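Below: one structure, written as C-alpha cells.
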Amino acid sequence: GQNIDQPTEMTATEGAIVQINCTYQTSGFNGLFWYQQHAGEAPTFLSYNVLDGLEEKGRFSSFLSRSKGYSYLLLKELQMKDSASYLCAVRRNNQGGKLIFGQGTELSVKP
Amino acid sequence: DVKVTQSSRYLVKRTGEKVFLECVQDMDHENMFWYRQDPGLGLRLIYFSYDVKMKEKGDIPEGYSVSREKKERFSLILESASTNQTSMYLCASNQGGQGLNTEAFFGQGTRLTVV
Numbered sequence: 559g560q561n562i563d564q565p566t567e568m569t570a571t572e573g574a575i576v577q578i579n580c581t582y583q584t585s586g587f588n589g590l591f592w593y594q595q596h597a598g599e600a601p602t603f604l605s606y607n608v609l610d611g612l613e614e615k616g617r618f619s620s621f622l623s624r625s626k627g628y629s630y631l632l633l634k635e636l637q638m639k640d641s642a643s644y645l646c647a648v649r650r651n652n653q654g655g656k657l658i659f660g661q662g663t664e665l666s667v668k669p
Numbered sequence: 750d751v752k753v754t755q756s757s758r759y760l761v762k763r764t765g766e767k768v769f770l771e772c773v774q775d776m777d778h779e780n781m782f783w784y785r786q787d788p789g790l791g792l793r794l795i796y797f798s799y800d801v802k803m804k805e806k807g808d809i810p811e812g813y814s815v816s817r818e819k820k821e822r823f824s825l826i827l828e829s830a831s832t833n834q835t836s837m838y839l840c841a842s843n844q845g846g847q848g849l850n851t852e853a854f855f856g857q858g859t860r861l862t863v864v
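Chains A and B, in that order, give the protein sequences.
The opening position of the first sequence corresponds to residue 559 in this note's numbering, with each subsequent residue numbered one higher.
The opening position of the second sequence corresponds to residue 750 in this note's numbering, with each subsequent residue numbered one higher.
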C-alpha cells in the first residue's frame, strides 16, 4: 500500500519563504513529483526528485530523502500568484509511470 | 503544445444513468490515468492504463470501468451513476519509462454532478 501526507493548509506573506513538507510510505518508490494547481485549473508539473538532495528551479526548490521517506518544496520570494494547491505525488516502479498523490496543501499568500 | 482533452467541463446526470467521460491525448503517451478529486481527499486514482486494451485498478475502482481501444483515448464509464460519484474527474497521461519525461500532463477536468 501507500500513504502520502502533507499539511492541509499553509499561510505565508508575500516576499517570504515557505516550505511545504511531504512524507510518504510506499512500496517500489521510484521518484517524487510536485505539482501546482490553481483553483479550477488542471495540475501543472513543478519538479521531480529521484535521488537524495536538492533540485533548484528558479524560485522553487525540491528536496528528497529516500531513507526518511520525506520531501519538501521550498518557495522563495513568494508572490500573490503562488496562492494555489501544491500536490506531492509518488511514482511506483511498476508499469513505469503510475502516480499516487497526496491530498495537497492549500497555500495562501497574504500581502 | 502538448494536450490532454476531456470531452466536457461540466456534466449533470441522473442517478442510475450510464455515464461516459472521454479523454484524448495527442502526445503518443503509453500511460493514461483517471483520477477523481474531492476536497480534503486530494487526487485518488480510479484506473490506470499502460497500453492499449490494458488496464489496472487504482485505489477506488468500485462503480467504474474503463476502455482503452486506441492509444490516444481513455474512457471512464460509470455503469450506474450514484450521488456519491459527484466529483471533479481528471484525466492524465505520461510517457511511461523511468526518466524525467514521465511527468504527467492533465486535462482540464470534468465536474460531474449526479442528481
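Quick reminder that beta carbons are idealized off the backbone N, C-alpha and C, glycines included.
Note that the structure is a prediction, hence the values are computed from the model and not measured.
- Judged by their CB atoms, Lys634 (chain A) and Ile578 (chain A) are not nearer to each other than the 8 angstroms cut-off.
- Close CB contacts of Phe659 (chain A) within its chain, under the 6 angstroms cut and outside five residues either way in sequence, are with Leu645, Ala647 (chain order).
- The alpha-carbon of Leu827 (chain B) is positioned some 39 angstroms away from that of Leu609 (chain A).
- Look at the stretch 776–794 of chain B: the residues with a C-beta under 8 angstroms from a C-beta of chain A are Glu779, Asn780, Phe782, Tyr784, Gly789, Leu790, Gly791, Leu792, Arg793, Leu794.
- DSSP places Asn833 (chain B) within a helical segment (H, G or I) once states are collapsed to three.
- Approximately 6 angstroms separates the beta-carbon atoms of Leu657 (chain A) and Ala853 (chain B); this is inside 8 angstroms, confirming the contact.
- Apart from sequence neighbours up to five positions away, the residues of its chain that approach Tyr630 (chain A) with a beta-carbon distance below 6 angstroms are Gln577, Asn579, Phe621, ordered along the chain.
- Put simply, the CB of Ala597 (chain A) is far from chain B, with every gap to its CB atoms at 8 angstroms or more.
- When secondary structure is reduced to three states using DSSP, Lys639 (chain A) falls in the helix class.
- Between Cys840 (chain B) and Gln755 (chain B), the CB-CB gap stays under 8 angstroms.
- Collapsing the DSSP output to three states places Thr764 (chain B) in coil.
- Pairing Arg758 (chain B) with Ala597 (chain A), the inter-Cα distance amounts to about 14 angstroms.
- Of all residues in the stretch 850–864 of chain B, only Thr851, Glu852, Ala853, Phe855, Gly856, Gln857, Gly858 come within less than 7 angstroms of chain A when Cβ atoms are compared, listed by chain position.
- Within the stretch 812–840 of chain B, the residues whose Cβ lies closer than 8 angstroms to some Cβ of chain A are Leu839, listed in chain order.
- Shown here for Lys820 (chain B): same chain residues with a beta carbon closer than 6 angstroms to its own, the five before and five after excluded, namely Val801 in chain order.
- One finds Gly791, Leu792 in chain B with Cβ atoms closer than 7 angstroms to the Cβ of Phe659 (chain A), taken in chain order.
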